[in-house]
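A.B. asks: Can you keep this structure in mind? I'll have questions shortly.
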Amino acid sequence: MDDDEIDTDVVNSVVVKDNFTEWLVHVRSMVIALPNETEREDVSHLEACFERFCHLLDEFQVKPSLLDPVMVSVLPILIGYILDCCTSCTLRDESFKYANQLVKVRGAKASLRHFPCQVSLLKNVLLMLEEESLDSRGRCTHEKVSVLLLWLIVLSKVPFNLDNAQEMVSDEQFVGSYAQKIFDLALLWFHGRGREQLLAARLLAELVTRPDAIHRLPEVLKMAVEWLSTMKSNESSEKLSVAICWAQCLAACLKKASRSVMKKHAKWLHDQLNALPDFQWKAQDVCMRKMWSKLSQRIALVILKPRLNDEQLYRRGMLDKLTKEDEELSEEKCQKVPKLVKEIAIRLVDMLHDTSCLVRWSAAKGVGRLAARLPSKQVSRLVDWILDLISNIAASADDIQGVCLALAELCRHGLIPSDKLEQVVSSAKQALKFDQIGCALSSSVRDSACYLCWTFGRSLTKKAMLPHAYHLAPHLLVVALFDREVTCRRAASAAFQENVGRHQLFPYGIEVLTAADYYAVSNLRKCYGEIALQVAQYGEYLRPIMECLVEKISHWDEQIRVLAAGTLAALTPSDPCYIAVQVFPQLWCLYRKAQFFSKHGAMVALAKLGVALYKELSLIHI
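For the sequence shown, full-length UniProt numbering gives the first residue as 1, with consecutive numbering after it.
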């Protein structure tokens, strides 16, 4: 909330973008000098060098993609140190530490493409990983295992048969097949810790979904179900982490394996998982509930065939090519929705109420993906069902945020029926105003509402948005200007910009964005003191701005109340009659309330507006 901190964040992001070349040179020079540093065999010196390296990489946290040039030029050097048989143990361990830090900052998924994937490297990587054991808990071991598991994931993607590849590079040092070694090592590190378990789960899923190892898939599915079935309500954290690892492996298998293969196991897998006691999924920690959401939706996606709705066909220019017979035949085939899919849809909608944002977000994405494969009538019912969740007056912040996220995902997939769009836009407007005293999720609700508005611009056609754009624009603008949280102001500004760029239906869109862009709204005082006055010059926004400021007079934050009163006073010359006739009576009613926030804000506003009106009337009299 502190303006100085906000400005510092913006400046730092600009510094990273402007000076990242200098940082790249420093990072590369440190890696090149690593052999000389390790020759000193000074542990404290090596730790200081590594801390300096980490500090350099921390500058890229704002924009990790800027690290790609580093990954291209530096990672091969580190890999060379690791593979060189003449390399000392100290240099090899330090190389693993540096490589692990690069992967941590850039992200494992983005780092995969930078690892070498020659088949001849598979033996060396397996031998190095075999040398590690779960008993050695040193820091170097942890980082070494993480890098090697990630490297094995890359090597497991090679399109050659692993047995044939082994015959090409076989020697007496390596005993056993590549596939079996990878299988055993992945299972071994299921009992590791942290990122090792996640990487081991991905590695096992990558292996058993290969065409030459697909026969192992049923075995892995049974092993996962057997492990999950042994869980108890008071299970230890170690066993719970292994259960989460198995659930992640199942989710990865459902995603990577071909639909024709997984469809044979989908119903059996769902029945087995659904038969587990409730505490397995509902009462366990957040990760297990999130994995239950992910597993459920992916099972449904395996059962249902992909299909394109009218909106997606319109985007691809294919809608006019379809005949009525094609549409009727396609709709008839899609009318029969399996009972299992309906059960999963109910579960995902129920998860929109979850107390964790991670679970709600996963369920919302699942609702969008699942609806993309349902017939239009079922999608319409699903939208009605979701909208009913917040029609209740007692809807909580969890409910509203979950609904906004689900509607946003449906809109992003082009699945909102035209006759439901007015209700969806109305729900977005209500969520943009959501602010409860003592509710930590209030800002998250408004942020998700901004995301929903962003999808309007991203996915809807100009014709669909035409009836709603004029009324939606002021709601987004007042959030971009007057919201207490910088994340909400930026999200609203981004949503406003997306709608202006795509549809050009918002009044004075370009002019407003010039004043209230993504970076300008970072400074709260500037929003209230300067930008609001500039935007208020456009008549369509003056009254909504004044109405929002009157609401902010009762805000629980003293700074917001004072800033709102000052901005109202500064806007008095723009419409003194409205201030005198409408605003003053409202402020007087607020002052007479017993609530402290309203009374204090009204007192400050009445004092400032009194002075402003007096000056305005004096000018009129003169």
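Idealized CB from N, CA, C, for every residue including glycine.
Just so it is clear, the structure is predicted and the values come from calculations on it, not from any experiment.
Determine whether the beta carbon atoms of Leu301 and Arg195 lie at a separation below 8 Å.
C.D. replies: No, they are not a contact pair.
A.B. asks: For Val581, count neighbouring C-beta atoms within 10 Å of its own C-beta (all shown protein chains included) and say buried if the count is 16 or more, exposed if not.
C.D. replies: Exposed, because fewer than 16 other Cβ atoms sit within 10 Å of the Cβ of Val581.
A.B. asks: Would DSSP call Val62 helix, strand or coil?
C.D. replies: Three-state DSSP puts Val62 in coil, outside helix and strand.
A.B. asks: Return the first residue and the last residue of the alpha helix (DSSP H) that Tyr178 is part of.
C.D. replies: Run containing Tyr178: Tyr178 to Leu188, per the alpha helix (DSSP H) assignment.
A.B. asks: Which same chain residues, not among the five before or five after Lys365, have their C-beta less than 7 Å away from its C-beta?
C.D. replies: Counting only Cβ-Cβ distances below 7 Å, and skipping sequence neighbours, we find Glu409.
A.B. asks: Can you list, in chain order, the residues of its chain with a C-beta nearer than 6 Å to that of Arg347? Leave out the 5 residues immediately preceding and following it.
C.D. replies: Once the five neighbours on either side are set aside, the close Cβ partners of Arg347 are Ser296.
A.B. asks: What would DSSP say about Gly107, mapped onto helix, strand or coil?
C.D. replies: Three-state result, Gly107: coil.
A.B. asks: So, under 8 Å CB-CB, residue 660 and Ile153 are touching, yes? Tell me the CB distance rounded to an integer number of Å.
C.D. replies: Within the shown structure, residues of the chain are numbered from 1 to 622, placing residue 660 beyond reach of any answer.
A.B. asks: So Ala257 and Ile303 are in contact, right, with Cβ under 8 Å, and what is the actual spacing, rounded?
C.D. replies: Incorrect: roughly 14 Å between the Cβ atoms, too far for contact.
A.B. asks: Assuming the contact rule is C-beta atoms closer than 8 Å, Leu273 and Met262 should be a hit. Round their C-beta distance to whole Å, please.
C.D. replies: No, Leu273 and Met262 are not in contact; Cβ-Cβ is about 14 Å, not under 8 Å.
A.B. asks: Taking DSSP as the reference, what is the three-state secondary structure of Thr141?
C.D. replies: In the structure shown, Thr141 sits in a helix (DSSP, three-state: H, G or I).
A.B. asks: Secondary structure at Phe584, three-state DSSP: helix, strand or coil?
C.D. replies: In the structure shown, Phe584 sits in a helix (DSSP, three-state: H, G or I).
A.B. asks: Would Asn392 be called buried (16 or more neighbouring beta carbons within 10 Å of its own) or exposed?
C.D. replies: The residue in question, Asn392, is exposed, as its Cβ has fewer than 16 Cβ neighbours within 10 Å.
A.B. asks: Which same chain residues, not among the five before or five after Glu498, have their C-beta less than 7 Å away from its C-beta?
C.D. replies: Around Glu498: Trp454, Gly457 and Arg458.
A.B. asks: Between which two residues does the alpha helix (DSSP H) containing Ser426 stretch?
C.D. replies: Residues Leu421 to Leu432.
A.B. asks: Measure the CB-CB distance between Ala516 and Cys450 and report whether it falls below 8 Å.
C.D. replies: Not closer than 8 Å, so no.
A.B. asks: If we call anything under 8 Å between Cβ atoms a contact, is Thr141 one with Thr90?
C.D. replies: For Thr141 and Thr90, no; Cβs fall outside 8 Å.
A.B. asks: Going by Cα to Cα distance, which pick from Pro64, Gly529 and Glu143 is closest to Asn100?
C.D. replies: Nearest option by C-alpha distance: Glu143.
A.B. asks: Check for me: the alpha helix (DSSP H) holding Ile77 runs from which residue to which?
C.D. replies: Unbroken alpha helix (DSSP H) run through Ile77: Asp68 to Leu83.
A.B. asks: Return the CA-CA distance between Met603 and Gln586, expressed in angstroms with no decimal places.
C.D. replies: Computed Cα separation, rounded: 12 Å.
A.B. asks: Beta-carbon separation of Met351 and Val359 under 8 Å?
C.D. replies: A contact, by the Cβ cut-off of 8 Å.
A.B. asks: Output the boundary residues of the alpha helix (DSSP H) element that contains Val125.
C.D. replies: Looking at the DSSP string, the run of the alpha helix (DSSP H) that includes Val125 is Leu121 to Glu131.
A.B. asks: What is the rounded straight-line gap between the Cα of Trp385 and the Cα of Thr487?
C.D. replies: Approximately 29 Å between the Cα atoms of the pair.
A.B. asks: Using only CA atoms, which one of Arg525, Tyr538, Cys527 and Phe96 lies nearest to Ile510?
C.D. replies: Answer by Cα proximity: Tyr538.
A.B. asks: Just the C-alpha distance for Ile79 and Phe115, rounded to the nearest angstrom, thanks.
C.D. replies: Answer to the nearest angstrom: the Cα atoms are 8 Å apart.
A.B. asks: Less than 8 Å between the beta carbons of Met465 and His503, yes or no?
C.D. replies: In contact: Met465 and His503 (Cβ atoms closer than 8 Å).
A.B. asks: From Gly566, Leu155, Tyr178 and Lys157, pick the residue whose C-alpha is nearest to that of Asn164; which is it?
C.D. replies: Per the Cα distances, Tyr178.
A.B. asks: Comparing alpha-carbon positions, which option in Val286, Val367 and Leu477 lies nearest Leu240?
C.D. replies: It is Val286 whose Cα lies nearest to the Cα of Leu240.
A.B. asks: Could you spell out the range, first to last residue, of the alpha helix (DSSP H) harbouring Asp212?
C.D. replies: It is not in any alpha helix (DSSP H) - Asp212 carries neither H nor E in the DSSP assignment.
A.B. asks: What separation, rounded to the nearest whole angstrom, lies between the Cα atoms of Ser376 and Asp398?
C.D. replies: One C-alpha to the other measures close to 27 Å.
A.B. asks: Identify every run of the alpha helix (DSSP H) within the segment 531–556, keeping only runs that are complete inside it and at least 4 residues long; order them along the chain.
C.D. replies: Runs found: 532–535 and 539–552.
A.B. asks: Alpha carbon to alpha carbon, how far is Leu24 from Glu51?
C.D. replies: Computed Cα separation, rounded: 16 Å.
A.B. asks: What's the call for Asp354, buried or exposed, on a 16-neighbour Cβ count within 10 Å?
C.D. replies: Buried, since its Cβ has 16 or more Cβ neighbours within 10 Å.
A.B. asks: Which term fits Asp93, buried or exposed, when burial requires 16 or more other beta carbons within 10 angstroms of its beta carbon?
C.D. replies: It counts as buried.
A.B. asks: Comparing alpha-carbon positions, which option in Asp84, Cys117, Leu75 and Leu83 lies nearest Leu102?
C.D. replies: Nearest of Asp84, Cys117, Leu75 and Leu83 to Leu102, Cα basis: Leu75.
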